[in-house]
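Take a look at the structure set out below.
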Amino acid sequence: MKKEDIEYLEELNKQDLTILTFQPYGHRYVVHKNTQKKISNDFIGKGKRLSEFLDHLEEEPGLVHLYAENFNSNKHFCLPDQFQKLVDVEREEMNQYSEKTEFPDS
0 MKKEDIEYLE ELNKQDLTIL TFQPYGHRYV VHKNTQKKIS NDFIGKGKRL
50 SEFLDHLEEE PGLVHLYAEN FNSNKHFCLP DQFQKLVDVE REEMNQYSEK
100 TEFPDS
């Protein structure tokens, strides 16, 4: 990794954020550090077909819908006051994913 990339990740980490990329589509989002656990729990643990999470990209914040069938996603862009309300809700929700996520036996 380039030094600039490491510095960017370190800054994100201070805010409990990270970068999440979906391959092969190359969709790249700045997300809460527990988002990957939430998505896994939505799809595997809860059997949902859709997972929602926030993209904290400073220039384009929004609510992302990720579809289980094909990992395609779409994003609803938000105004700053709308986004802040969603961030407050997300903070509470993401606390439950701080520990290891457990899935039901298959």
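All residue numbers for the sequence shown refer to numbering that gives the first Met the number 0, where the first residue is 0 and numbers rise by one.
For each residue, glycine too, the CB sits at the ideal point set by N, CA and C.
Is it buried or exposed, residue i, if we count other Cβ atoms within 10 angstroms and call 16 or more buried?
{"i": "M93", "result": "buried"}
{"i": "K1", "result": "exposed"}
{"i": "N33", "result": "buried"}
On the three-state DSSP scale, how would you describe residue i?
{"i": "R27", "result": "strand"}
{"i": "F42", "result": "helix"}
Hey, quick one: how far does the alpha helix (DSSP H) through residue i stretch, first residue to last?
{"i": "K37", "result": "T34 to S39"}
{"i": "L80", "result": "In the sequence under discussion, the amino acid at residue 80 is Asp, which differs from the Leu named in the question. It spans P79 to M93 - the alpha helix (DSSP H) in which D80 sits, taken as one unbroken run."}
{"i": "Y7", "result": "K2 to K13"}
Among the residues of its own chain, which have a CB less than 6 Å from the CB of residue i, if the five just before and after it don't count?
{"i": "T20", "result": "R27"}
{"i": "E6", "result": "none"}
{"i": "F82", "result": "P60"}
With a threshold of 8 Å, establish whether the CB of residue i neighbours any heavy atom of the ligand MN.
{"i": "R90", "result": "With respect to small molecules bound, the structure shown includes none, and the ligand MN cannot be examined in it."}
When the Cα of residue i is compared with those of the options, which residue comes out closest?
{"i": "G46", "options": "E58, N33 and Y66", "result": "Y66"}
{"i": "N73", "options": "K37, H31, E9 and L53", "result": "L53"}
{"i": "K84", "options": "H55, S50, H64 and N71", "result": "H55"}
At which residues does the beta strand (DSSP E) containing residue i begin and terminate?
{"i": "F21", "result": "L16 to F21"}
{"i": "H75", "result": "S72 to F76"}
{"i": "S50", "result": "L49 to D54"}
Quick one: residues in its chain with C-beta nearer than 7 Å to the C-beta of residue i, no 5 flanking neighbours on either side, listed in chain order?
{"i": "H75", "result": "G61 and L62"}
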